[in-house]
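What follows is a single structure, written as structure tokens, with notes after it.
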Amino acid sequence: MRTSPQLTSRLLTTTTLTALLAGLTAAPAAAQSGLAIEEIVVTAQKREERLQDVPVSVTAFSADAIEDAGVRTPQDFIALTPNIGIVQSFTVGNSFVTVRGISQINNSDPSVAVVVDGVPQANQKQLTQQLFDIERIEVLKGPQGALYGRNSIGGAINIITRQPGNDFEGYTEAGYAEGNTRTLSAAAGGAIVADKLFFRAAGSYADSDGQITNGFLDEKADFYEDKTGRAQLRWIASDSVTVDLRGSISNTEGGAVLYSQFPTLGFSNNENVKPDENLLGRSERDMGDLSLKLDWDFGAATLTSISAYSKVKENYRGDLDFSRVQSIGQGQDLEVEMWSQELRLTSPDDQPLRWIGGAYILQTDRDLRTTVFLDTNSTLAGLQPLFIFGDESNDNLAYAFFGQASYDVTDRFELSGALRYDSDEREQTDLLRNNAVRSKTFSEWQPKVTAKYEWTPSLMTYATFSTGFRSGGYNAPTVNPSIFQKEVSTNYEVGFKSQLLDNRLVLNGAAFHTKLDDAQIFRVDLTAGAQIIDNVKDAELTGFELEFQARLAEGWDAFGGVGVTDSEIKDFDGTRAYRGNQLPNNTKAKINGGTQYSFPITDALSGLLRADIEYRGKQYFHADNIDYRDPVTLVNLRAGLETERWSLTAYVKNLTNKQFFTEYADGFWSGSATGQDLGQLSPPRQVGVTGRVRF
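Counting with mature numbering (1 follows the signal peptide of the UniProt record, and there is no 0), you get residues -31 to -1, 1 to 664 for the letters of the sequence shown.
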């Protein structure tokens, strides 16, 4: 494949920067070692490694960083990460993550693998959870198919909850914010039998009246309530065998289908237009997870077995015409059950040749019913079934075999290679049309090759070739043509990781060029009454990200990053249509930065001040690039008091009260050139306070 001029320029820039960094890292230390930034250990490559040693573009958040930044939802840590964005809309479980221009869309598999405590979350509805009692979050950018398999075409997110130890400890946290938003979480854990058997239990409750008003009903449309609990038992059966049993349960209710409507085309949507529907939408999601993990270290390798079961149920009811007119409503009932098993062998870490090999299988049963209702009295309780639009059952069996090996050619030079084969057998049954069955298997080999070189103990560079794969599938049975193809990415990347000024400055960066074959995009066709996934035949993405963390003085840190992704449609459908346009949902530039200052007030009491800023560049919503979101800048502030046992923090989210549309559906892409446009309004400013007690 020919290297693009943009990539060549960035490669030269990176090479020049690498030479400069080598000079800096070789220079005498300019700071006291006591001011060094704390190192983070991650499991991005399925084994414990220092973040600065991993030849992957990873943004990691420690437990302290999560608490300091007030991370409570995926939106919170994604706002602090370059080249990644998220939209939450339509129902309480819907989320659309975009990493380096590769986007999650309705009704398809995830574009980013989400793993919680080693267990893959196979359905995109599982991401939008309350984040509490979290030990670490790792965001991997770029295709991760070799280790994480199908649906990691854009990257991966690892979430690790706090682990129990011998000491009994925990916390209780409560908060209140605008919108009559109340939150409560608590956790406790320790040893049942010292050094042998441990437990941890954690729970969270969140309730909000909402802040976005339905203009017609004069009621809040974004109300929300979430109840989540989880528990863990960890048994060290012997010096070589460890067993982890984990379970969680969650119920979430909230507003749905709160779309604003505009009788326009080509709308630049940095305008505040509230939803004006006669039906106040509502959705509910129930989730449950149970997993058993076994680690058996028998010297030559460690055998890991992860058995998991999860279930997701979500339903919604809401307006279909998105207006004040009493006419029809819409609804869906979704139920997904997933069983998975992974077996993995991992070599010891202290060998020049390190390897991982394993197999994975996932059985998914998915039922979806779509209903159109007759609206008789402007309330959901008054909806009468008009007809069932779709009723389908999906039976998917996915399996994979994978392996990775890394070899220290010299003390400084490491080569690694990985290969994974994924197969996804899909079968859809149309329950409305004589149980008609259609089936197809999507499969892909996903190789990865990486070269890593340590110029000094404080500077590492790497170059990677990697691939990713998102399975294809079937649109609703009523749609013709009914199938969308698998999506495959091929990625070329160079990067560096450095620790400068006696580790008072951490500076990491990467440049990439990605080719997408059959990129999946989403549209709503109201004339056919269907949600449709199409394929873009050929597209390319070129960009870079640069992140830093600096210790300016004792207690004073600065941090930030910049991410740029230029996407280009090369061939939409075999014609010249949309050639040169940006892919839907890609934000070309994102910049985040902030500073935090912690200072003593008395011997026991300290204060904390923090400011975060996020700039989101222009974003196009569809392949025609007509409708877009203008650039927007968001500012968050935090101030708090803290002792060893308690903390009290006040915060402001979206200080300047920016409101804009995070999701947008154009009349053209809805099947009518004169139709109505739809948008999901972002939340306004929110002021709140949180208190935490540790024990």
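Virtual Cβ for every residue (Gly too), placed ideally from N, Cα, C.
If you're wondering where the values come from, they're calculated on a predicted model, not measured in any experiment.
Opposing strand residues paired with residue i [DSSP bridges]
i, result
"A160", "F167"
"V11", "E18"
"Q518", "V475, F528"
"E456", "R439"
"D581", "G563, N605"
"P569", "S575"
"residue 672", "Only positions -31 to 664 of the chain appear in the structure, and residue 672 is not among them; the question remains open."
"N225", "The displayed chain sequence assigns Ala, not Asn, to residue 225. Looking at the DSSP assignment, A225 forms no beta bridge with any residue, so it has no partner."
"T28", "V108"
"H482", "Y461, T511"
"Y620", "R607, G657"
"Q353", "L343"
"A200", "A170, G216"
"K262", "D213, I275"
"I71", "V68"
"L552", "Paired residues: none, contrary to the question."
"T612", "DSSP output for T612 lists no bridge partner at all."
"V56", "F65"
"A558", "V533"
"R501", "Reading off the sequence, residue 501 comes out as Ile, not Arg. Partner(s): R492."
"T182", "K189"
"E195", "Residue 195 is actually Asp in this sequence, not Glu. DSSP lists A175, T221 as partners of D195."
"K506", "In DSSP, K506 forms no bridge with anything."
Classification of residue i by the beta-carbon crowding that lies within 10 angstroms, buried from 16 upward
i, result
"S408", "exposed"
"I35", "buried"
"L116", "buried"
"T643", "Because T643 carries a pLDDT of 41, less than 50, the predicted location of this residue cannot be relied on, and the following value inherits that uncertainty. By the 10 Å Cβ count, T643 comes out exposed."
"P569", "exposed"
"P133", "buried"
"A546", "exposed"
"S209", "exposed"
"K165", "exposed"
"Q320", "exposed"
"D380", "exposed"
"L355", "exposed"
"V66", "buried"
"S173", "buried"
"N52", "buried"
"G549", "exposed"
"E632", "buried"
"V378", "exposed"
"L(-25)", "At L(-25) the pLDDT is 37, less than 50, meaning the model places this residue with poor confidence; the figure from the coordinates comes in the next sentence. Buried, because 16 or more other Cβ atoms sit within 10 Å of the Cβ of L(-25)."
"F664", "exposed"
"R402", "exposed"
"F382", "exposed"
"T612", "exposed"
"L485", "buried"
"R41", "buried"
"L647", "buried"
"S72", "buried"
"R520", "buried"
Anticipated Cβ contact below 8 Å, residue i with residue j, distance rounded
i, j, result
"D64", "Q93", "The sequence shown places Ser at residue 64, not Asp. Indeed, because the Cβ distance is near 6 Å, the residues count as touching under 8 Å."
"I297", "L227", "No, I297 and L227 are not in contact; Cβ-Cβ is about 17 Å, not under 8 Å."
"Y620", "G657", "6 Å"
"R439", "R119", "7 Å"
"T60", "A225", "5 Å"
"R251", "G62", "About 13 Å; that fails the 8 Å criterion."
Item checked: Sufficient close CB pairs (3 or more, under 8 Å) joining the segment 156 to 167 to the segment 180 to 191 -> no
Check: Does the segment 455 to 469 come close enough to the segment 418 to 435 to have 3 or more Cβ pairs within less than 8 Å?
Finding: yes
Which full runs of the alpha helix (DSSP H) of 4+ residues lie inside the segment 267 to 338, going along the chain?
none
message: Check whether the segment 103 to 110 and the segment 25 to 44 touch, using three or more Cβ-Cβ pairs below 8 Å as the test.
response: yes
Between the segment 256 to 272 and the segment 78 to 93, do three or more beta carbon pairs fall short of 8 Å? yes
Can we say the segment 372 to 383 touches the segment 309 to 324, given the rule of at least three CB pairs closer than 8 Å? yes
Check: Does the segment 295 to 309 come close enough to the segment 271 to 279 to have 3 or more Cβ pairs within less than 8 Å?
Finding: yes
* Can you give, in chain order, each stretch of the beta strand (DSSP E) that sits fully within the segment 84 to 115 and has at least 3 residues? -> 103 to 110
Enumerated in chain order, which unbroken segments of the beta strand (DSSP E) with a length of 3 residues or greater are wholly contained in the segment 376 to 433? 382 to 399, 405 to 425
ask   = Should the segment 562 to 582 be regarded as contacting the segment 33 to 49, the criterion being three or more beta carbon pairs within less than 8 Å?
value = yes
Could you check whether the segment 415 to 425 touches the segment 329 to 346, counting it as contact only if at least three pairs of C-beta atoms, one from each stretch, sit closer than 8 Å? no
**Message:** Under 8 Å: do the segment 49 to 60 and the segment 130 to 145 share three or more Cβ pairs, one atom per stretch?
**Reply:** no
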